[in-house]
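Before any comments, here is the structure.
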Amino acid sequence: MTTPPLDRMSIEEKASLLSGADFWHTAALEDHGVPSIMLTDGPHGLRKQRGSGDHLGLGDSVPATCFPPAVAMGSSWDVDLVRRVGEAIGTEAAVENVAVVLGPGVNIKRSPLCGRNFEYFSEDPVVAGVLGAAIVDGIQSRGVGASLKHFAANNQETDRMRVSADVDPRPLREIYLRAFQRVVEDARPWTVMCSYNRVNGVYASEDRWLLTTVLRDEWGFDGMVVSDWGAVDDRVRALAAGLDLEMPGSRGNTNAQLVAAVADGSLDADVVDVAAGRVLTLVDRTRAAVENPATLDIDAHHALAREAAGRSVVLLKNDGGLLPLAQDASIAVIGAFAAEPRYQGAGSSMISPTRLDNALDEIRSLATGSVTYAAGFSTAVDVTETESAGLRDEAVAAASGADVAVVFLGLPARLESEGYDRDDVDLPAAQLAVLAAVVDANPNVVVVLSNGGVVALPFAASVPAILEGWLLGQAGGGATADVLFGVVNPSAKLTETVPLRFADSPAYLDFPGEFSHVRYGEGLFVGYRWYDARDLDVAYPFGHGLSYTAFEYGPPSATTLADGDVDVRVAVTNTGSVAGREVVQLYSSLPAAVTQRPPRELKAFASVALEAGETREVTLRVRRKDLAYWDVRVDSWIVEGGTYTLEVAASSRDVRASVRVEVAGDPVTLPLSRSSSIGEVMADPLAGPILQAAIAEMTGVAPDAAGLVPEGVDLQKMLDSFPIGRVGMFGADVDPAMVDALLAAGQVRPDARVDADG
Ligand code: BGC
Numbered sequence: 001m002t003t004p005p006l007d008r009m010s011i012e013e014k015a016s017l018l019s020g021a022d023f024w025h026t027a028a029l030e031d032h033g034v035p036s037i038m039l040t041d042g043p044h045g046l047r048k049q050r051g052s053g054d055h056l057g058l059g060d061s062v063p064a065t066c067f068p069p070a071v072a073m074g075s076s077w078d079v080d081l082v083r084r085v086g087e088a089i090g091t092e093a094a095v096e097n098v099a100v101v102l103g104p105g106v107n108i109k110r111s112p113l114c115g116r117n118f119e120y121f122s123e124d125p126v127v128a129g130v131l132g133a134a135i136v137d138g139i140q141s142r143g144v145g146a147s148l149k150h151f152a153a154n155n156q157e158t159d160r161m162r163v164s165a166d167v168d169p170r171p172l173r174e175i176y177l178r179a180f181q182r183v184v185e186d187a188r189p190w191t192v193m194c195s196y197n198r199v200n201g202v203y204a205s206e207d208r209w210l211l212t213t214v215l216r217d218e219w220g221f222d223g224m225v226v227s228d229w230g231a232v233d234d235r236v237r238a239l240a241a242g243l244d245l246e247m248p249g250s251r252g253n254t255n256a257q258l259v260a261a262v263a264d265g266s267l268d269a270d271v272v273d274v275a276a277g278r279v280l281t282l283v284d285r286t287r288a289a290v291e292n293p294a295t296l297d298i299d300a301h302h303a304l305a306r307e308a309a310g311r312s313v314v315l316l317k318n319d320g321g322l323l324p325l326a327q328d329a330s331i332a333v334i335g336a337f338a339a340e341p342r343y344q345g346a347g348s349s350m351i352s353p354t355r356l357d358n359a360l361d362e363i364r365s366l367a368t369g370s371v372t373y374a375a376g377f378s379t380a381v382d383v384t385e386t387e388s389a390g391l392r393d394e395a396v397a398a399a400s401g402a403d404v405a406v407v408f409l410g411l412p413a414r415l416e417s418e419g420y421d422r423d424d425v426d427l428p429a430a431q432l433a434v435l436a437a438v439v440d441a442n443p444n445v446v447v448v449l450s451n452g453g454v455v456a457l458p459f460a461a462s463v464p465a466i467l468e469g470w471l472l473g474q475a476g477g478g479a480t481a482d483v484l485f486g487v488v489n490p491s492a493k494l495t496e497t498v499p500l501r502f503a504d505s506p507a508y509l510d511f512p513g514e515f516s517h518v519r520y521g522e523g524l525f526v527g528y529r530w531y532d533a534r535d536l537d538v539a540y541p542f543g544h545g546l547s548y549t550a551f552e553y554g555p556p557s558a559t560t561l562a563d564g565d566v567d568v569r570v571a572v573t574n575t576g577s578v579a580g581r582e583v584v585q586l587y588s589s590l591p592a593a594v595t596q597r598p599p600r601e602l603k604a605f606a607s608v609a610l611e612a613g614e615t616r617e618v619t620l621r622v623r624r625k626d627l628a629y630w631d632v633r634v635d636s637w638i639v640e641g642g643t644y645t646l647e648v649a650a651s652s653r654d655v656r657a658s659v660r661v662e663v664a665g666d667p668v669t670l671p672l673s674r675s676s677s678i679g680e681v682m683a684d685p686l687a688g689p690i691l692q693a694a695i696a697e698m699t700g701v702a703p704d705a706a707g708l709v710p711e712g713v714d715l716q717k718m719l720d721s722f723p724i725g726r727v728g729m730f731g732a733d734v735d736p737a738m739v740d741a742l743l744a745a746g747q748v749r750p751d752a753r754v755d756a757d758g
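Each residue of the sequence shown is one higher than the one before, starting from 1 at the first, in UniProt numbering.
Right, here's the structure in full:
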């Protein structure tokens with residue numbers, strides 16, 4: 001079935017396609033054979049609601065596999081695994097006749113406080129972009145559309161429906177849009193969801209620059225733009241900006257506004273046609289999958305959820321090789337989260353799982369020694385001091401009699417959710433008190449964390465082992481037991497920095513803003529880019545994660561390919577005695593950069609499985625376009641030329657080796673004028689040499705003697721930023737006509753060309 005021609009439809013019919021028929025469905029046009037399609041959340045499993053629907057995760061939804069949320073899946077750094085999870089989600093969607101899954105979310109974790117960080121992959125745009133593309137690939141391979149969200153600069157929940165993210169062009173392009181760009185260009189999602197917030201004062205839903213110029217004209221997006229639920233403030237303006245489908249429905253009100261705007265000439269009828277055409281194309285693209293769904297193996301999906309969760313647990317610390325545990329060790333399992341897992345976050349992504357493992361049962365099923373359990377604390381809010389003390393005493397008693405205490409700590413569910421941000425990064429004091437008491441009783445403590453956003457780890461030095469379990473989805477209990485006993489060798493690594501002090505974090509002074517504006521004052525320096533540039537110690541760096549084995553890196557080599565991409569090859573060896581998996585990271589820097597640059601930026605990564613003793617050569621491709629910065633002078637991506645350092649690393653602070661490559665710069669076209677600086681004119685290949693000669697002549701006649709430049713002053717540096725049109729004002733004997741002649745020399749071509757090598 002192909003799209004019916006629009007010219008057979010009335011303007012009312014076309015407009016009716018442009019907003020939801022109800023909370024989750026598009027409108028049908030039965031006379032034209034156009035069915036209604038269903039869009040539902042997303043992102044780490046299907047949330048198909050049974051009733052009329054809400055977007056806060058309050059209503060009941062059909063059971064679906066709850067895979068690990070992005071905070072956990074991201075830590076796998078594994079494209080293949082994430083893709084397979086996407087395939088499974090796509091299959092479950094098709095089976096439920098769902099045409100579009102509302103995810104993935106690739107917003108950048110700007111502050112640890114964002115209530116929705118659990119739904120996002122990373123503080124780094126390459127990680128978020130590559131893994132976001134993998135999940136889109138997976139979902140769409142099943143004939144179901146993905147919806148890349150929340151476009152754009154939606155990095156907090158506070159005031160999310162109004163706040164303006166005030167962000168400069170370079171960080172906007174290089175950090176906040178970059179992940180979206182990568183997913184759009186590499187995975188071609190069928191839909192993109194615009195966010196609630198404003199970007200530099202303009203609602204994302206009404207931002208023509210964002211939804212059309214950048215998304216379609218620059219990146220080549222050919223799908224449909226859907227609003228976040230309730231994000232449309234002015235329907236006519238939004239349509240004109242490029243927002244095709246408004247969700248949910250407005251009972252026909254906004255459709256009537258569109259029809260009226262066309263009638264009074266304030267909206268071009270073609271705009272309605274184009275948007276309606278895009279909705280029809282989406283209906284067409286998804287039709288086969290929802291009409292002939294595949295079969296579903298729910299047990300296989302649970303097994304995949306367990307595999308994914310096992311690959312998402314980050315071993316932060318393992319002093320003295322306390323982990324993995326011997327199966328016959330006597331174990332005290334402490335902490336309410338062991339029996340009542342926190343496995344997903346709250347809000348629109350909340351799934352009704354097909355089943356739910358808990359770590360306590362799974363530890364019991366793998367252990368051959370004794371396993372005791374004490375809740376240690378309660379996750380309820382109204383616990384008395386006496387009750388807390390009683391729970392603590394039980395935990396101490398359990399720990400005292402065991403070889404090892406495995407203590408499950410975490411954030412209570414109400415502390416992090418869609419719709420609001422956290423106030424701090426602390427674990428509840430009652431939990432920390434239990435841990436301290438347990439450590440006093442038995443120093444062999446493994447802490448297992450359950451949290452969607454980063455938490456402070458004030459106890460890090462006092463316990464030998466820490467597993468960051470994030471929120472692991474429905475099979476997280478089994479996966480945690482697998483990692484504790486070494487059935488799975490941990491291989492996950494942090495995709496966000498764990499700071500030593502929350503006050504060190506980049507957005508600390510600029511989050512969540514005030515009076516509906518938040519200033520992205522840290523600019524490019526988000527996440528590790530900030531901690532590295534400020535030379536700040538961190539608790540655990542971006543990219544960090546241990547294994548039960550060890551890996552060695554050989555010397556890297558680099559080859560520049562014909563298209564300018566660079567392949568870096570490095571041999572990685574598993575030097576331990578068990579099989580494992582290493583996430584090899586590649587960071588770039590340009591030490592002599594003229595532009596402001598973070599000390600290192602991730603450009604590529606690979607997850608490599610290695611048997612004990614095995615060596616494999618890993619190839620990491622640095623795409624030339626990923627070396628580019630956004631040049632505000634010419635509104636364009638520019639590769640600055642020079643000698644780049646490419647580091648192969650086990651984490652952002654564990655660089656194993658590096659290699660240098662020469663990269664040719666892109667030419668930058670800069671027009672010359674009287675306000676061009678002397679430095680800019682000097683860099684011009686035509687005007688520069690003429691100016692050089694003139695200055696040499698002037699300084700040759702002893703400028704200090706002329707009283708212009710005191711002794712010891714670097715004249716060249718002083719003049720570099722001086723507008724050439726104003727030199728005459730400072731007593732220099734410069735004829736304005738000479739300046740014009742010089743500038744004209746630089747204009748022999750339509751524009752002067754300056755090499756980006758600086
Ligand atoms: C969320 C989206 C979600 C939508 C539908 C909104 O509140 O921001 O992520 O897809 O609701 O549930």
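For each residue, glycine too, the CB sits at the ideal point set by N, CA and C. Predicted model only: the values in this text are computed from it and were never measured.
Of the residues 181, 64 and 626, which one's Cα is nearest the Cα of residue 107? Working through the sequence shown from its first residue, we reach residue 107 at position 107. Measuring from the Cα of residue 107, the nearest candidate turns out to be 181.
Identity of the residue in 669, 654 and 742 nearest residue 694 by Cα: For the purposes of this step, residue 694 is taken as the residue at position 694 of the sequence shown. Nearest of 669, 654 and 742 to residue 694, Cα basis: 742.
Are the beta-carbon atoms belonging to residue 658 and residue 111 less than 8 angstroms from one another? Reading the sequence shown from its first residue, position 658 is the one you call residue 658. Reading the sequence shown from its first residue, position 111 is the one you call residue 111. Taking 8 angstroms as the Cβ cut-off, residue 658 and residue 111 do not qualify as a contacting pair.
Please confirm if the stretch 195–204 is in contact with the stretch 148–164, defined as three or more CB-CB distances below 8 angstroms between the two stretches. yes
Who does residue 9 pair with in a DSSP beta bridge? Here residue 9 refers to the residue found at position 9 when the sequence shown is read from its first residue. Residue 9 is not bridged to any residue.
Are residue 330 and residue 369 touching if we call contact CB-CB under 8 angstroms? For the purposes of this step, residue 330 is taken as residue 330 along the sequence shown, with counting starting at 1. For the purposes of this step, residue 369 is taken as residue 369 along the sequence shown, with counting starting at 1. For residue 330 and residue 369, yes; Cβs fall inside 8 angstroms.
Closer than 7 angstroms: is that where the CB of residue 172 sits relative to any heavy atom of ligand 1? The count along the sequence shown starts at 1 and reaches residue 172 at position 172. The answer is no for residue 172.
With DSSP run on the structure shown, which of helix, strand or coil describes residue 61? Position 61 of the sequence shown, counting from 1, holds the residue named residue 61. Strand.
Residue 765 by DSSP, collapsed to three states: which one? As shown, the chain starts at 1 and ends at 758. That puts residue 765 outside it, with no answer to give.
Return the CA-CA distance between residue 672 and residue 638, expressed in angstroms with no decimal places. Your numbering for residue 672 matches position 672 in the sequence shown. Your numbering for residue 638 matches position 638 in the sequence shown. Each residue's Cα considered, the two are about 19 angstroms apart.
Between which two residues does the beta strand (DSSP E) carrying residue 318 extend? By 1-based counting over the sequence shown, the position of residue 318 is 318. Unbroken beta strand (DSSP E) run through residue 318: 314–318.
Boundaries (first-last residue) of the beta strand (DSSP E) holding residue 466: One-based indexing of the sequence shown puts residue 466 at position 466. First-last of the beta strand (DSSP E) with residue 466: 465–468.
Please report how far the alpha carbon of residue 591 lies from the alpha carbon of residue 664, in whole angstroms. Position 591 of the sequence shown, counted from the first residue, corresponds to residue 591. Position 664 of the sequence shown, counted from the first residue, corresponds to residue 664. Each residue's Cα considered, the two are about 15 angstroms apart.
Counted within 10 angstroms of its Cβ, other Cβ atoms place residue 704 as buried (16 or more) or exposed: In the sequence shown, residue 704 corresponds to position 704, counting from 1. Below a pLDDT of 50, predicted positions are generally treated as unreliable, and residue 704, at 43, falls in that range; no measurement from the model is reported.
Can you round the beta-carbon distance between residue 18 and residue 255 to whole angstroms, since I take them to be within the 8 angstroms contact cut? By 1-based counting over the sequence shown, the position of residue 18 is 18. By 1-based counting over the sequence shown, the position of residue 255 is 255. That belief holds up - the Cβ atoms of residue 18 and residue 255 are roughly 7 angstroms apart, short of 8 angstroms.
Answer yes if the stretch 346–362 comes into contact with the stretch 391–403, meaning at least three C-beta pairs across the two stretches below 8 angstroms, and no otherwise. no
Kindly examine ligand 1 and report whether one of its heavy atoms sits closer than 7 angstroms to the Cβ of residue 25. Taking the first residue of the sequence shown as 1, we reach residue 25 at position 25. Answer for residue 25: no, Cβ out of range of ligand 1.
At a cut-off of 7 angstroms, would you count residue 150 as near ligand 1, judging by its Cβ distance to the nearest heavy atom? Numbered from its first residue, the sequence shown carries residue 150 at position 150. At least one heavy atom of ligand 1 is nearer than 7 angstroms to the Cβ of residue 150, so yes.
Just confirm the distance between the C-beta atoms of residue 405 and residue 334, as a whole number of angstroms; I'd bet it's less than 8 angstroms. To locate residue 405, count along the sequence shown from 1; it is residue 405. To locate residue 334, count along the sequence shown from 1; it is residue 334. About 6 angstroms separates the two Cβ atoms, so the contact holds.
Taking only the alpha-carbon atoms, compute the straight-line gap between residue 72 and residue 402 and give it to the nearest angstrom. To locate residue 72, count along the sequence shown from 1; it is residue 72. To locate residue 402, count along the sequence shown from 1; it is residue 402. Spanning the two alpha carbons is a distance of roughly 30 angstroms.
Closest by C-alpha distance to residue 413, when choosing among 340, 136 and 214: Position 413 of the sequence shown, counting from 1, holds the residue named residue 413. Looking at the Cα atoms, 340 is the closest of the given residues.
So what does DSSP say about residue 76, is it helix, strand or coil? Translated into the one-based positions of the sequence shown, residue 76 becomes position 76. Correct three-state label for residue 76: helix.
Please confirm whether any heavy atom of ligand 1 lies closer than 7 angstroms to the CB of residue 42. As a first step, residue 42 must be located in the sequence shown, where it is residue number 42. Yes, Cβ of residue 42 sits closer than 7 angstroms to a heavy atom of ligand 1.
Suppose you measure from the CA of residue 86 to the CA of residue 133; what does that come to, to the nearest Å? By 1-based counting over the sequence shown, the position of residue 86 is 86. By 1-based counting over the sequence shown, the position of residue 133 is 133. Computed Cα separation, rounded: 10 angstroms.
Which class does residue 190 belong to by DSSP, given the choice of helix, strand or coil? Indexing the sequence shown from 1 puts residue 190 at position 190. It is coil, neither helix nor strand.
Please state whether DSSP places residue 432 in a helix, a strand or coil. On the sequence shown, residue 432 is found 432 positions in, with the first residue counted as 1. Helix, per DSSP.
Alpha-carbon spacing of residue 65 relative to residue 353, whole angstroms: The residue labelled residue 65 in the question sits at position 65 within the sequence shown. The residue labelled residue 353 in the question sits at position 353 within the sequence shown. Roughly 5 angstroms between the two C-alpha positions.
C-alpha distance - residue 381 paired with residue 420, whole-angstrom precision: The count along the sequence shown starts at 1 and reaches residue 381 at position 381. The count along the sequence shown starts at 1 and reaches residue 420 at position 420. Near 19 angstroms, if we compare the C-alpha coordinates of residue 420 and residue 381.
Beta-carbon within less than 8 angstroms of residue 575's beta-carbon, same chain only, minus the 5 sequence neighbours each way: which residues are those? Taking the sequence shown and counting its residues from 1, one reaches residue 575 at position 575. The answer, listed in chain order, is 549, 550, 551, 552 and 613.
Regarding residue 190 and ligand 1, is the C-beta to nearest heavy atom distance less than 7 angstroms? Along the sequence shown, read from residue 1 onward, the residue named residue 190 stands at position 190. Flag unset: Cβ of residue 190 not near ligand 1.
Run the proximity test for residue 610: is its beta-carbon closer than 7 angstroms to any non-hydrogen atom belonging to ligand 1? As a working mapping, residue 610 is identified with position 610 in the sequence shown. No - ligand 1 has no heavy atom lying nearer than 7 angstroms to the Cβ of residue 610.
Would you say the beta carbon of residue 46 is closer than 7 angstroms to some non-hydrogen atom of ligand 1? Sequence index remark: in the sequence shown, residue 46 carries index 46 (1-based). Flag unset: Cβ of residue 46 not near ligand 1.
Measure the CB-CB distance between residue 325 and residue 484 and report whether it falls below 8 angstroms. Here residue 325 corresponds to residue number 325 of the sequence shown, with the count starting at 1. Here residue 484 corresponds to residue number 484 of the sequence shown, with the count starting at 1. Yes, they are a contact pair.
Residue burial classification, residue 91 (beta-carbon count within 10 angstroms, cutoff 16): Taking the first residue of the sequence shown as position 1, residue 91 is located at position 91. So residue 91 ends up on the buried side.
Within a Cβ cutoff of 6 angstroms, which residues of the same chain sit near residue 644, ignoring the five residues on either side of it in sequence? As a working note, residue 644 is residue 644 in the sequence shown. If we look at residue 644 and ignore the five residues flanking it on each side, its Cβ neighbours are 588, 590, 661 and 663.
Minimum C-alpha distance to residue 715 - residue among 698, 572 and 728: On the sequence shown, residue 715 is found 715 positions in, with the first residue counted as 1. The shortest C-alpha separation from residue 715 is found at 698.
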